[in-house]
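Protein chains in written order, with our numbering: chain A, 619 to 822; chain B, 1267 to 1359; chain C, 77 to 614; chain D, 129 to 435. All C-beta atoms, glycine included, are put in the ideal place defined by N, C-alpha and C. Remember, it's a predicted structure, so these values are computed and weren't measured experimentally.
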Amino acid sequence: MTQTANHAHPTDNEGGKMGMWIFLFTELFLFGGLFLVYAVFRAKYSDDFHKAAYELDALIGTLNTVILLVSSMTVAMSITAIQKGSKKLAIKLLLTTIFLAIVFMVNKYFEWHHKFDIKVYPGSEVLQNLERGELLFFGLYYMMTGLHALHVIIGMILLVICIFKIKSGHIISNRYLLLENSGLYWHLVDLIWIFLFPLLYLLT
Amino acid sequence: MENKTHISSYESHGRVLISLLLLTMLSVLVTWMEFGVFTIAVALTVASVKAFIVLTWFMHLKFESNFIRWMVAGVFVLFTLVLIITFIDYFFR
Amino acid sequence: MSKNEKYSHESYLEYQGKYKGIWGWLFSTDHKRIGLLYLYSIAFFFVVAAILGLLIRIELIAPGPTIMDAQTYNGLFTVHGIIMIFIVVIPGLGAVFGNFFLPIMIGAKDVAFPRLNLLSWYIFILGAILAVASQFAGGGAPDTGWTFYVPYSSTSSTNVIFALTAAFILGFSSILTGINFIVTIHRLRAPGMGWFKMPLFPWSLYATAWIQVLATPIVGITLLMVIAERVLQIGFFDPALGGDPLLFQHLFWIYSHPAVYIMILPAMGVVTEIFPTFSQKPVFGYGAIVISSIAIAAVGYFVWGHHMFTTGISYWSRWFFSFLTFIVAIPSAIKVFNWISTMYGGSIDLKTPLLYAISFIFLFMIGGFTGLTLGALATNVHLHDTSFVVAHFHYIIFGGMGFAFFAGIHYWYPKMYGRMYNIKLANIAWGVLFTGFNVLYFPLFIIGIQGMPRRYFDYLEQFHTGHFISTIGAIILIIGIFMMLFNLIYYRHRGAVAPSNPWKGVTLEWQIESPPTHENFEEIPEIKTPPYLFKKES
Amino acid sequence: MFGGASNLAEGVDKAFVFIFTISFIFIIGLTLLMIYILIRYRRSKVKEAMQFSGSIKLEILWTIIPLILVLFMFYYGWVGFAPMREVPDDAMRIRTIGRMWEWEFDYGQGKLSKVLVIPVNKPIRLDLVSEDVNHSLFIPAFRVKEDVVPGYDNWLWFTPLYTGEYEIMCTEYCGLLHYDMVTRARVVEQDEFEEWLENLEATGLVPDHPGLAVLKKNGCMACHSLDGAKLVGPTFKNLYNSQKTVLVGREESVILADDDYIKRAIYQPNDEIVKGYSRGLMNSYEKLITPAEIQLIIEYLKTLNGE
Ligand code: HEA
Ligand code: HEA
Ligand code: CUA
Ligand SMILES: [Cu+2]
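As structure tokens, then:
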């Protein structure tokens, strides 16, 4: 319980990390609200949800799960690398992560694109004519994966910043708070997907 | 300051990834096998285990201060409570 | 005018950093300057919303249209509510006094993330401007009430999206402030200041910050869903599309009930500082007050359903929420008893801050007990959405949080500006304000019980007297407020120079100069004693 | 606040009296105590404050006492409320429609009224239906209020105790003329009520028989007529309890079209084929129509006999 007496600058690692964690809590609750809505409608329209979940491509879902898991590992490893002082390796690992994130987004793009092709998008006529439960399922699907994709993008930006900071020597083996926090953020993205995946893709 | 930084090895990250992948396989398999009503329970349990693993090792909770650990647990408990209380309405309607 | 020689050091008001003049304020990361930025902006929006409140009252002075049409009226109470709740009282005390005094009271030089702190203010301003703009832009002022109930809010053609976005952005600002305070309290307490040596205002901010962090995202996502409903026809809440309008109310109140404790907890913290100082006596039941703050924050999270007793939620749901509503009243009761006991046996100096603080107790009791009346199932059925509710929350928000704010500003004014206001004038202003307040809101209880619904542009003849008296009260109240404001503004530069410890307080902020220097402390103090120790030891 | 005019008012008013009494005692008592302390311990009189900082005993005392009091408040509130959700079976049901910005009371047979007229001393159940946004039906004199939520079947009930006129208001904000969504409840003697209902002109559409509603909902009318015309399938007219010649496999037999037959005809239509029609046209509705709905259909079919 000792204090940093100086002017509270980012050197307070513990504080910075704590702040990040608390921020992650708010993110969890942001998605938590959606999960709550999901739970309520699933209880109400379980058959429709089953039917609608068939429409989603479980293969793409599984693929994306694997991609995110691997990317989570590479981020975690990049922190190890920085701690051990190997800048090059850390950058390589981060680049791998970003590459995986891009693959994830491309998959997502094809998935959504396909949905749009068969006219299943919010407000479309096809959707309006479905059963109410299926309609809600797709509403939730777009809302949840959309918000998640937004987080993926933010995470990518953070990681890119980290790469630059490593290059310029702002992130080094004994000062890597930004990288650690970005890593935490990236894991959160993964964490949320871990729940989205069974709820949306596997409930057939 | 309690700066006992823990450095996880590459291998341990690798092991974590493998267990996560195995669990993913498990949940996909489970849904193919159709456990009926239990499918969702199983799928969510597996997801929770995965989340736990990610939190503990990837997110380093294992080596974090107690405060953060308790808060994370608290947040999940809080969310569960909110869910349950909301369902006091929906179940008894 | 410049009596700066008097100060041994340059105060934060004169401090010249990287930027000069107005930029020195707009880009300052000094928590004290940010506190003042919040003070001025919140005061501004308070005046705007208060004028809207006055217009509401004038409209209601007599049955039939008086000065406006129904649509205008509906827009007025909506924007009045949105500004008052999301811009004035939710950030209110925390952002103004919290920013200014939290670091000082725990012996720190600033908050944990000063730049984030400034960013919160900018986000706040952005949201606030958007909220006010919604009144004027395109489709007309939003007319949904501050509660945004669907399906009305997803069909109304007014600027609802503006207002929703504004509330969303303001929520974000609130979250960032919360994070900042939590980390500050965890990391930056002066050496020796264990958790239970921390003064009680920081404690109340700590409890508040957790609610801010854990409840606000829920309303954020809910508002996003309403926006999605309006823009994309997703229909989570639209029964025609299979959605559930009651689900919206659940989500909304999951945030908005805890939000009322975001408003009141810091207010309780402020008065908890004032009673010991003006009684020259340690606070009574320090531990009990700490625990009750935390209990309010924790239990307060689970009572949201008491706003929905008549919506058709399940029987057991009503039972459960009513029960917990009563439980959450207990910590408030504990606090009231401890405050009164703090004064007992003291050497009481009845100065303006104390006047406001005791009227806080009085008004808070009325607001609280009428809250209990609303919390009981049978009586709630009769009173829900009547002007009884309106009176309840004005008593507890304006009478509680508002009066605590006035208490706080009169208490810390000398510290913030290094000047004294005119105490006599301040007392007179208090008298007018207090009278006006009760004349304004008490009649609303009575007509509420008689069945006067809220959000009514026009009313039946039998409610005329009550509304008439109430409007008279509003006018008295405004006179009081202007006296108070005049006093505070006029003596800002003209008042007598304030000593560093005019009230003989013992918490840390009174141990430094008035106004404080840029970095508050030359040397971070070592804390050895509990926070409220009045015995002269040497 | 008194002058409650329904059976539910007493419980509500009791809760009011109890809570208000406690509140007055505490508010006045504590305020007087504060004033006393302010005077007794004013600085000009007491120079040196006593230095004490708490007492566990007192803390426990003032936790327990309010706790007991609020539990009583909760109890009274609950007891006054519980009967509001226990509607007697013989209550007279009136469909109550809320729409922007008027109330409409549907007495059945197309008889609609803008004023709620009800017989005294009879349990009344209002089934609340919204056609657009949320409303809330509030009758202050009866101490009842319940929201009218679109897509959600809500209701309230009460027994009016005295004849007279009472206000009905909308207490859930519903837009421009929310304040104008007021009407009256007129409580009259039974015979006066009957006379009034008799003279009430049927202006609205007669709502469908619930059985017919099921038929329409499931698209039966595409193949079955009600008036004897032959469409894809046989007509429903005079079907119930008639003798039918059906083919089971290739065997012809005559059976009575009773409840059970109707049910089989809907759940397994292709087991027994009515003579003159072909197999495979009608599919089983087992997944779509519940037994309860079949009962409604049968009730409806009964009305198609005769003439
Ligand atoms: C600062 C804000 C604030 C605070 C602190 C409170 C505090 C409380 N509120 Fe209030 N409330 C609002 C702001 C607030 N409220 C608002 C804004 C609304 C309307 C929203 C809208 O619809 O627009 C509202 C509406 C509202 C309702 C819904 C009404 C309706 O629409 O039907 C209810 C119902 O239970 C309620 C109850 C309570 C209770 C039990 C407390 C308790 O916490 C009070 C506890 C305090 C005391 C009990 C008094 C002090 C104690 C003593 C003096 C000791 C002795 C005590 C005992 C013997 C018990 N409030
Ligand atoms: C903080 C909260 C707050 C405050 C202070 C007020 C203040 C006032 N309000 Fe309130 N009001 C709400 C919150 C608040 N209101 C909310 C949430 C609603 C519900 C909206 C809804 O239904 O959706 C509401 C609704 C509401 C209604 C009900 C409308 C209806 O249901 O039809 C009425 C009617 O009388 C009313 C009147 C007033 C009046 C006359 C004041 C006056 O007291 C104002 C007089 C005060 C002044 C004129 C002050 C001037 C201030 C300064 C000069 C600044 C000083 C500042 C500093 C030093 C920092 N308000
Ligand atoms: Cu209908 Cu208000
Ligand atoms: Cu509440």
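- In its chain, beyond the 5 residues on either side, G542, I545 and S546 have a beta carbon closer than 7 Å to the beta carbon of C/P519.
- If you draw a straight line from the Cα of C/Y331 to the Cα of C/V295, it comes to about 6 Å.
- The beta carbons of D/V248 and D/V315 sit closer together than 8 Å.
- Cβ-Cβ separation between C/F464 and C/F397: approximately 19 Å, too far for a contact (criterion under 8 Å).
- For D/C348, no beta strand (DSSP E) segment is defined, and its DSSP state is neither H nor E.
- Counting C-beta pairs with one atom in each stretch, the segment 566-584 of chain C and the segment 529-543 of chain C have fewer than three that are closer than 8 Å, which means they do not touch.
- Of the candidates C/I555, C/I442 and C/I350, the residue whose Cα lies closest to the Cα of C/L426 is C/I350.
- D/Y294 sits in a strand when the DSSP states are folded into three classes.
- Per DSSP, A/K726 lies in no beta strand (DSSP E); the unbroken alpha helix (DSSP H) holding it starts and ends at K705 to D735.
- At least 8 Å separates the CB of D/I196 from every CB of chain C.
- Cβ proximity to chain D below 8 Å picks out nothing from the segment 486-513 of chain C.
- Within a 10 Å sphere around the beta-carbon of B/E1277 sit fewer than 16 other beta-carbons, which makes this residue exposed.
- Only H326 and I330 from the segment 318-333 of chain C bring a Cβ to less than 7 Å from some Cβ of chain B.
- In the DSSP annotation of this structure, the continuous segment of the beta strand (DSSP E) that includes D/K372 starts and ends at Q371 to V376.
- Secondary structure of D/E274 (DSSP, three-state): strand.
- The beta carbons of A/S689 and A/L718 sit about 4 Å from each other, so the pair counts as a contact at 8 Å.
- Below the 8 Å Cβ cutoff, chain C contributes A409, I410 and F413 as neighbours of D/W190, in chain order.
- Rounded to whole angstroms, C/T605 and A/L652 show a C-alpha spacing of 48 Å.
- DSSP places D/I225 within a strand segment (E or B) once states are collapsed to three.
- Any Cβ of chain D closer than 8 Å to the Cβ of C/P139 would place that residue at the interface, and such an atom is absent.
- Contact between C/V457 and C/T386 holds: their C-beta atoms lie close to 6 Å from each other, under 8 Å.
- For C/A364, there is no enclosing beta strand (DSSP E); the enclosing alpha helix (DSSP H) has its first and last residue at Y362 to V375.
- Using a Cβ-Cβ cut-off of 9 Å, C/Y362 is close to S181 and G182 of chain D, given in chain order.
- The Cβ atoms of C/L169 and C/P342 lie closer than 8 Å to each other.
- Short of 6 Å from the beta carbon of D/Y413, and not among the five residues preceding or following it, lie these beta carbons of its own chain, in chain order: I394.
- Classified as exposed, D/M349 has fewer than 16 neighbouring CB atoms from the shown chains inside 10 Å of its CB.
- With a threshold of 7 Å, the Cβ atom of C/H383 counts as near ligand 4, since some heavy atom of the ligand is closer than that.
- Listed in chain order, the positions of the segment 143-159 of chain C with a beta carbon within less than 8 Å of a beta carbon of chain D are A146, Q147 and N150.
- Taking 8 Å as the upper bound for CB-CB distance, A/C780 and A/L797 are in contact here, some 5 Å apart.
- The closest CA to that of C/S417, considering only C/N498, C/Y362 and C/E305, is found on C/Y362.
- Out of C/G388, C/G215, C/L439 and C/F121, the CA that lies nearest to the CA of C/V208 is found in C/F121.
- Here the alpha carbon of C/V412 sits roughly 11 Å from the alpha carbon of D/F154.
- Legend: CB atoms of the segment 668-697 of chain A lying less than 7 Å from CB atoms of chain B belong to residues T680, T683, V684, L687, V688, S690, M691, A694 and M695.
- At a cut-off of 8 Å between beta carbons, B/S1285 makes no contact with chain A.
- Residues close to ligand 3 by the beta carbon criterion (under 6 Å to any non-hydrogen atom) are, from first to last along the chain, D/G226, D/W229, D/H263, D/C298, D/E300, D/Y301, D/C302, D/H306 and D/M309.
- Contact of B/T1290 with chain A by beta-carbon distance below 9 Å involves T680, T683, V684, L687, I812 and F815.
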